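Here is the structure we will look at, set down as structure tokens.
2 protein chains.
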Amino acid sequence: MIPMEPSKGEEADAGKVNFAAPRPFATAFKSDLKETLFPDDPFHDFTGKTLPVKAKKAVQYFVPVFQWLPVYNRKLFMYDLLAGITIASLAIPQGISYAKLANIPPVIGLYSSFVPPLIYAIFGNSKHLAVGTVASSSLIIADAIEKKVHEADNPQLYLNLIFTATLISGVIQLILGVFRLGILVDFLSHSTITGFMGGTATIICLQQLKGIFGLKHFTTHTDVVSVTSAIFKYKHEIRWECTLVGIIFLIFLQLAKKVKQRKPKLFWVSAIAPMVAVAVGCIFAFVVNAEEHGIAIVGPLKKGINPPSLKNLDFDPKYISAPIEAGVITALIALAEGIAIGRSFALMVNQQIDGNKEMIAFGLMNIVGSLTSCYLTTGPFSKTAVNYNAGCKSQMSNVVMAVCMMLTLFFLAPLFSYTPLVALSAIIMSAMLGLIEYDKAYHLFKTDKFDFVICMAAFLGVAFISMDVGLMLSVGLALIRALLYVARPSSSKLGNIADTGLYRDVEQYPGAISIPKTLVLQLGSPIYFANSGYIRERVLRWVRDEKANKDSHGDDVEYVLLDLGGVTSIDITGVETLVEIRRCLEVQEIKVVIVNPRLEVMEKLIVTNFIDKIGKERVFLSIKDAIEGCKFSLAREKGNEEH
Amino acid sequence: MIPMEPSKGEEADAGKVNFAAPRPFATAFKSDLKETLFPDDPFHDFTGKTLPVKAKKAVQYFVPVFQWLPVYNRKLFMYDLLAGITIASLAIPQGISYAKLANIPPVIGLYSSFVPPLIYAIFGNSKHLAVGTVASSSLIIADAIEKKVHEADNPQLYLNLIFTATLISGVIQLILGVFRLGILVDFLSHSTITGFMGGTATIICLQQLKGIFGLKHFTTHTDVVSVTSAIFKYKHEIRWECTLVGIIFLIFLQLAKKVKQRKPKLFWVSAIAPMVAVAVGCIFAFVVNAEEHGIAIVGPLKKGINPPSLKNLDFDPKYISAPIEAGVITALIALAEGIAIGRSFALMVNQQIDGNKEMIAFGLMNIVGSLTSCYLTTGPFSKTAVNYNAGCKSQMSNVVMAVCMMLTLFFLAPLFSYTPLVALSAIIMSAMLGLIEYDKAYHLFKTDKFDFVICMAAFLGVAFISMDVGLMLSVGLALIRALLYVARPSSSKLGNIADTGLYRDVEQYPGAISIPKTLVLQLGSPIYFANSGYIRERVLRWVRDEKANKDSHGDDVEYVLLDLGGVTSIDITGVETLVEIRRCLEVQEIKVVIVNPRLEVMEKLIVTNFIDKIGKERVFLSIKDAIEGCKFSLAREKGNEEH
């Protein structure tokens, strides 16, 4: 083997391992910072461009509308027009329903599908995302505000706090985006989101029983126990007419979904089904004078577009804790949902989504929304899927939807005042039933028990305690798991695979042959304070076991080879641990050899003088080299003894 | 190359990679649980033994006294006798001083060196650890209790809450030990402890200025700002006689330390110096009638050994939060300190310390202590070092110390009532000065900037805010770092090192040669929810960069090899990420090849059908094999094209 080109400053006799001086702190820090905050290297095609080109690229980067609008044409618009009208027909019933879920006037739900989509069309970078309100965030926001102010007691203050929560949510999303803290959203795992969505959908479904049964009284709590007991408590209020209508709507909506599942091309059936339900409901309510039969209707809806709501924002310290809580939780949940959904659709057409830019777009749309009588919006799954299936080609479909909503607000709003509440309940229930993913939970159970536990913690926590407790429980478990991953990294004993230079885990490859007098251990993960105690114990245990094993063969361990190829980084405590391991083994007359430390690890080992202590001749580039080196010194020692 | 022995159930054509069925859940779970809670495999030599032998071994395991006492002899005892007397001479002044620090009667400090060492001698497994009170925990416990009850207002209640805190601390330590949660202590890194100890030592030193200056009034706050302003506020109370005596004692004690540093054999000079200071101080105070010259003395000390204190324990809900806070923090700090110290001395003589067993011993000694008028004890560094240097051979030295303390309590206690407070302050200051490790902080600064920040967060937090805030700040930062380690694992591009089959990081080994049409990426760390988004971005960025790079050479990427050898585990989200990476790359007509997945990763890939999706022929045991495989299919494709 020929030694590699030695880098400058390196001694020629250092052999094949690169002992070059570590990178200066500034370089290493810059590289770490980049990997932490700019993993997607957003400015990669800026290098070597002139200033005007750079400026143009920067504007296009931060405001994507400048990127897609100049190349937009009539053909693309025809697609977006169709998609926009389709999602508008979904936005109207969803807007009214979810606003009812948040206990705010239904028209706020319609407002929320007018301004935010326009803002998203300018700043958003997903071509498929359809902006709108979502059930889970509507419920969370209502739940948090209800802790301070009951909607029934002071509807105006309640509404003002909802706007305040929306502003806070938007500001948090903007800040996260600007400081590129998308990393926080990474800690909401798929399992947590699956469980959380399932739990939220369950309690929302149960709450809709109020509407389906036509109850007048109900609980303000959201957990399963309170809700079911409330139904039993007020069961004398159940109106059979209402229940019957509700069940009919529900069956209709579920059938429409089945059609889509059977024939994906007929997706529009399920897309316009809610609108049909609302329209039929309105006509029915108007014709039969439904209110007299115990079927409540939405009630007066004001004509006209969003009034400004700057002066509605309320930062009274007496209440501020509630909108802050609502804002923080919904900001993260909405981001996680919106980004995940935008990303999965983008993946289908091999487009890349920059999570941090999406956060900025979401933040801006919620800030502007909070000033124009909108409440929290994000990219809901149902709407986005419809948008995608309807063939949208760009953010223009959101503009089309916004224009449709504007027309509705100007001319059609009063018509919707006849919408029966039971129809809205049926629409919400039908949407929510699709969010309880039994099969995904079962898949988790089959493939990863811990992920299943994380998922169930969110589900059961949300269903039986409260949404924030469920979420925190699940995130807490996921974090503990993350810490356990690093606190207990796996290590394995390697053996030689016959007739190759390969060394692999003897447990995984039972045919791999142990090397006489030598124990080859593969470490993985970073070595640092949280796992260094464990790694020391584990290595010493491997040695003890090996000795116990070899004793019976009359053989002894003389070398321990630590393969650090899988160790991505090491801290001071980690280096101290290697020193301790070495000291413990030297006492037992076992020599420690280091194999293939990676760049960052090597830097740390050099800075801390570990390499000098152990000697450069004890560091090898590959296990094969190391074993040959050990054999050579074994032979030499034997030779010396014989002399 | 000959394929390895195929394991049962494996298809013969699977080649060298082991695609054997995953281990059943129970096996994998048991193995994970063992690694998490029993990394040291405590029962390893139980297998194959008869029941009586097992029972005997179990008793010896849980109660180490049965292990060492039967083989104990007179010769060993002579060593322990000397060591025991030496540490007793240190225990008396330290006991009185630290009790003053905790604002409790000095005799409690003496009691605390009588009962707990006896308990430790039975259950402890370190031969060198000397039990006693420590300054930091004394201050933490006082600080927490002062929040609820001022010592000056109700000394008896204050003392009772101190006992309660000690009991809580002991119970927590016992529970942690029984449930083998030593893993929690792992999260207190060396950097945190260095900073915390330095910060505590700084504020304790500053507080001793009260004693040195002979002030009558002082602040109850512990932060640097409050303490220095208190000194300025009460500077008219400064007594020069007291200050002079204090400085003389301090110089004497520091000189004694210097002697030890110069000639380690004269360690006993610094070991008995505090006792000499106390004795000289007593005689001086008695002769010159010190109190009349503004030099306060300790005051009456009761004769007799520890009275029971069961009825003193106070669980009044009004105050209970204070002892709980004190108990939790001191339990962890005392464990971290005691275990770390026990371990480092054990390492010197190649003895193994089981952290979990130590926790049980500490827990029992504090529980029994709280019932016999003792407050929190652990294994202080200074005392343990003296014990080790004095040549102790077993836990018997603690018994000797306890007997000495008993004799002192019976006969000599009243003599110590003349101890001048200024002497105690000088003893504490002198001990604390040694705990501020400038050189260690500088070492951290030079070798690891983040560790330095963690250390300084603890130091500055403790010095300028409060002890618990400083500790939490530092642990929080350390946890964030731990999570960042897993959220942003390093990945690198590999190249072939000329004339070898080795593939190494091209950044680390600039001579490594890239492979035509192929990008070899090495991933590390576990792949799971917290880093899967990053890994996807990073891999796609590697591919993009490689394409941009190769474009200029008129070459194109056709294969991406993912070397998973360093990936220790993977979760559902991680597998989904691999699927996404594959899908994204297939769109670009790039094929993904997996190299050398480890046991746990392979299991997960099989269970989730990833292997079936990608095809077994796309999984290789080594990079070399993979590249040969790719070349072969490239050639075949070319051949097909030519036909």
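Protein chains in written order, with the UniProt record's numbering: chain A, 1 to 643; chain Z, 1 to 643. Glycine is no exception: its CB is placed at the ideal position from the N, C-alpha and C atoms. On a predicted model such as this, the values are computed, not experimentally measured, just so you know.
For A/D505, the enclosing beta strand (DSSP E) stretches over residues 503-505. Of the residues assessed, A/E589 falls on the exposed side of the cut-off, its CB having fewer than 16 other CB atoms within 10 angstroms. One finds G565, G566 in chain Z with Cβ atoms closer than 7 Å to the Cβ of A/G565, taken in chain order.
If you draw a 10 Å sphere on the C-beta of A/Y438, you find fewer than 16 other C-beta atoms in it, and that means exposed.
Leaving aside the five residues that flank Z/I212 on each side, the residues in its chain whose CB is nearer than 8 Å to its CB run, in chain order, C242, T243, G246, I247, L250, V422, S425, A426, M429.
DSSP, read as helix, strand or coil, puts A/V131 in coil. By the CB criterion at 7 Å, Z/D563 and Z/Q522 fall inside the cutoff. A/P489 is positioned such that its CB atom lies no closer than 7 Å to that of Z/T408. Taking all protein chains in view, the Cβ of A/R262 is surrounded by fewer than 16 other Cβ atoms within 10 Å, so the residue is classified as exposed. In the three-state reduction of the DSSP assignment, A/G391 falls in the coil class. The beta-bridge partner set that DSSP reports for Z/Y375 is empty. Under a criterion of Cβ atoms nearer than 9 Å, the residues of chain A adjacent to Z/V607 are, in order, K446, T447, D448. Per DSSP, reduced to three states, the secondary structure at Z/L564 is strand. If you keep only unbroken beta strand (DSSP E) runs of at least 3 residues inside the UniProt domain "STAS" (508-630) of chain A, you get 518-524, 559-566, 591-595. Check the Cα spacing between A/S344 and each of A/F381, A/Y375, A/N312: the tightest is with A/F381. With contacts defined by Cβ atoms closer than 7 Å, Z/V386 and Z/A271 form a contacting pair.
For Z/L157, there is no enclosing beta strand (DSSP E); the enclosing alpha helix (DSSP H) has its first and last residue at 155-178. Here A/N496 carries a strand assignment [DSSP, helix/strand/coil]. Look at Z/I320 here: in three-state DSSP terms it is coil, with no helix or strand label.
Z/Y61 has a beta carbon lying at 7 Å or more from every beta carbon in chain A. Taking C-beta atoms under 8 Å as the contact rule, A/L519 and A/L561 qualify, at a distance of about 7 Å.
Going by beta carbons, Z/L174 and Z/G355 fall outside the 7 Å limit. The Cβ-Cβ distance between A/A346 and A/I339 does not fall below 7 Å.
Residue burial annotation: A/E603 is buried, with at least 16 other C-beta atoms found within 10 angstroms of its C-beta.
Residue-level contact check: Z/L502 touches chain A, since one or more beta carbons of chain A fall below 7 Å from its beta carbon.
The three-state reading of DSSP puts A/I297 in strand, counting E and B together.
In the three-state scheme derived from DSSP, where H, G and I count as helix and E and B as strand, A/P117 is classed as helix. For A/N398, the enclosing alpha helix (DSSP H) stretches over residues 396-407. About 32 Å separates the Cβ atoms of A/K311 and A/I87, ruling out a contact at the 8 Å cut-off. With respect to the C-alpha of Z/A331, the residue from Z/D314, Z/Y375, Z/D153 having the closest C-alpha is Z/Y375.
Cβ neighbours of A/I324 within its own chain (closer than 7 Å, five residues either side excluded): I168. Our two residues, Z/K591 and Z/L585, have alpha carbons roughly 7 Å apart in a direct line.
A/G533 is positioned such that its CB atom lies no closer than 7 Å to that of Z/D556.
The closest CA to that of Z/A413, considering only Z/L110, Z/L129, Z/V171, Z/G434, is found on Z/L110.
The C-alpha of Z/M197 is placed about 10 Å away from the C-alpha of Z/G434. Just so you know, the alpha carbons of Z/V115 and Z/I96 end up roughly 16 Å apart.
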